[in-house]
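Reviewing the structure listed below.
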Amino acid sequence: MEQYLFGCRLEQDILDLDQTMEHLQQALNFTAHVAYRRGIILFVSRNRQFTHLIESMARDCGEYAHCRYWQGGLLTNANVQYGKGVRLPDLIVFLSTLNNVFQQHVAVRDAAKMNIPTVGIVDSNCNPSLLTYPVPGNDDSGPAVELYCKLFRMTINRAKDKRRQMEILYGLKSQND
Amino acid sequence: MAGSRLEKFGTVFTRVRDLMRAGVVKDADKPIWYDVYAAFPPKKEPVYQKPIARFGKVVDKVPEILYKEDTVRAKFYEVYGNGPRAFDLTKANFVSTSQRFIEKHQELEKTGDLDEEKLFEETAKALLAEGIVLRRRGGATMALQSPGVSVSPEAESRDPVLEMRLKDMLQELQQEHREKQQTETTRDPATTQ
């Protein structure tokens with residue numbers, strides 16, 4: 001994470017927000033395109049403080065959230081746990097990549113295993129290497145997570161609205177994709 | 001469904017691309033995100049990077065953020081402690097006592113050529129004139145000759161806030177005002193009355 005830090009002031013790591021801005025734009029753009037193409041997006045966070053916020057945000061955009069205990073084989077053993085022919089998420093968004101014991105969330109590694117791209121908010125104590133589109137940012141404070149929720153909800157809703165608009169205009173697009 | 005679970009080799013994209021090239025994954029089964037990734041690749045390839053095992057003393061490459069006025073700030077906190085007014089973080093444009101001190105210090109530095117200690121004293125006096133009373137840390141070091149207060153050894157260990165009285169503070173203000181006038185006119189060393 002050293003490359004994403006601006007410096008250290010009184011032992012507080014300060015993130016470089018210019019880099020964060022670019023990464024966030026890329027991540028939101030990717031999310032929008034996946035949502036436009038009718039992809040399934042899963043929001044994951046093990047930060048107990050924001051469980052309700054993230055679940056309601058996911059419900060508002062018509063996508064999915066998993067903010068509770070992550071069972072080991074959820075992605076890797078999905079066919080056994082959920083039945084044959086389960087459709088796995090096409091994008092996993094992490095609002096915090098750490099679990100309750102400050103280790104990297106199992107889902108980061110599992111998503112890479114199942115060839116699922118990931119977008120994640122990485123704080124200064126996280127490892128950004130396995131995430132496809134990492135976004136250096138604060139994942140601990142209320143206003144920060146509310147901002148991310150607002151941005152993702154806005155992005156996904158706009159993408160879906162655009163999709164509906166294009167379907168109405170061109171009619172047959174829904175059948176092809 | 002075919003897949004490759006080797007998360008430590010290459011990126012998600014390269015694995016799917018190679019699977020498709022080999023013919024294992026048909027074009028019909030192409031993942032939704034594949035074209036999007038191809039069109040908008042991330043800044044850095046998401047290859048797995050093993051965390052480097054650091055032994056012995058760890059060198060911190062993150063630069064410290066320090067400003068020129070930090071020396072003044074450090075001196076302020078050493079001499080006056082936290083300052084009379086607590087930080088009010090509910091206000092967005094809140095200016096703390098130390099910040100006002102810094103601003104006054106910079107102003108005085110620009111106008112006159114005084115050495116550091118004199119500049120420090122001048123800034124304290126200027127803030128006093130504006131109405132901010134700065135109490136020195138570590139007990140009543142100001143010699144209070146007024147009859148109301150007795151400076152005894154026990155008073156040093158007590159909280160100096162307990163010794164604060166409005167009357168004494170006013171008398172201090174008046175004394176300093178008189179001292180200032182005296183030094184300006186007669187150039188004699190300051191005498192307390």
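Chains A and B, in that order, give the protein sequences. Be aware that the first sequence starts at 1, since it is given in my numbering, and climbs by one per residue. Be aware that the second sequence starts at 1, since it is given in my numbering, and climbs by one per residue. Don't be surprised by glycine CBs; every beta carbon is placed ideally from N, CA and C.
Rounded straight-line distance, which links the Cα of residue j to that of residue i
i      : j      : result
V79/B  : R137/B : 6 Å
V194/A : A65/A  : Since the first and last residues shown for chain A are 1 and 177, residue 194/A lies out of range.
A124/B : D140/A : 39 Å
A38/B  : T51/A  : 33 Å
V149/B : E179/B : Confidence in V149/B is poor, its pLDDT being 48 and thus under 50, which makes the residue's placement unreliable; the coordinate value appears in the next sentence. So the alpha carbons of these two residues sit roughly 21 Å apart.
R163/A : R37/A  : 8 Å
A140/B : K167/B : The predicted model places A140/B with a pLDDT of 41, which falls under 50 and marks its position as unreliable; any figure quoted below should be read in that light. Cα-Cα distance, rounded: 15 Å.
W70/A  : T31/A  : 23 Å
T183/B : K104/B : 22 Å
T118/A : R85/B  : 47 Å
Q19/A  : G39/A  : 27 Å
H33/A  : D27/B  : 19 Å
I54/A  : N157/A : 15 Å
C67/A  : P89/A  : 15 Å
V25/B  : T14/B  : 13 Å
C8/A   : N77/A  : 42 Å
L28/A  : K30/B  : 22 Å
G230/B : N82/B  : What is shown of chain B runs 1 to 193, which leaves residue 230/B out entirely.
K110/B : R153/A : 51 Å
A92/B  : P143/A : 15 Å
L119/B : M1/A   : 42 Å
A74/B  : Q106/B : 15 Å
Q165/A : V135/A : 30 Å
Q181/B : T90/B  : 41 Å
R135/B : E121/B : 13 Å
For residue i, the first and last residue of its enclosing alpha helix (DSSP H)
i      : result
H105/A : Careful: H105/A lies outside any alpha helix (DSSP H) and carries neither H nor E.
L91/A  : Where L91/A is concerned, there is no enclosing alpha helix (DSSP H), although the beta strand (DSSP E) it sits in stretches over L91 to F94.
F101/B : T97 to T111
Y77/B  : D70 to Y80
C61/A  : T51 to C61
A78/A  : A78 to Y82
A38/B  : W33 to A39
A144/A : G142 to Y170
A22/B  : V12 to A22
L173/B : L166 to T185
E122/B : E116 to E130
For residue j and residue i, believed in contact at Cβ under 8 Å, the rounded distance
i      : j      : result
Q26/A  : Y148/A : Between Y148/A and Q26/A the Cβ distance is about 14 Å, and since that is not below 8 Å, they are no contact.
L128/B : E176/B : 7 Å
L42/A  : I92/A  : 5 Å
A126/B : L108/B : 7 Å
L98/A  : R46/A  : 7 Å
S124/A : D13/A  : 4 Å
V122/A : L131/A : 7 Å
L15/A  : L24/A  : About 11 Å separates the two Cβ atoms, so there is no contact after all.
Residue i, enclosing beta strand (DSSP E) - first and last residue
i      : result
D13/A  : Q12 to L15
P136/A : Y133 to P136
V44/A  : I41 to V44
I121/A : T118 to V122
D8/A   : Before going on, a small fix: residue 8/A reads as Cys here, not Asp. Counting along the chain, the beta strand (DSSP E) containing C8/A begins and ends at L5 to R9.
A65/A  : Y64 to H66
Buried or exposed by the 16-neighbour rule on C-beta atoms within 10 Å, applied to residue i
i      : result
Y82/A  : exposed
A159/A : buried
I52/B  : exposed
I65/B  : exposed
K113/A : buried
G73/A  : exposed
N115/A : buried
Y67/B  : exposed
P63/B  : exposed
E63/A  : buried
R87/A  : exposed
A216/A : Outside the shown range of chain A, which is 1 to 177, sits residue 216/A, and nothing can be said about it.
L95/A  : buried
L10/A  : exposed
R165/B : exposed
R21/B  : exposed
F94/B  : exposed
G137/A : buried
F87/B  : exposed
P46/B  : buried
T185/B : exposed
G131/B : exposed
L75/A  : buried
T155/A : buried
T71/B  : exposed
R54/B  : exposed
Partner residues on chain D for residue i, Cβ-Cβ distance less than 7 Å
i     : result
Q49/B : The structure shown contains no chain D; its protein chains are A and B.
Taking contact to mean at least 3 C-beta pairs separated by less than 8 Å, is the stretch 53-70 of chain A in contact with the stretch 161-172 of chain A? no
Taking one C-beta from the stretch 5-19 of chain B and one from the stretch 105-124 of chain A each time, how about it: are there three or more such pairs within less than 8 Å? yes
Are the stretch 25-40 of chain B and the stretch 92-104 of chain B touching, with three or more C-beta to C-beta distances below 8 Å? no
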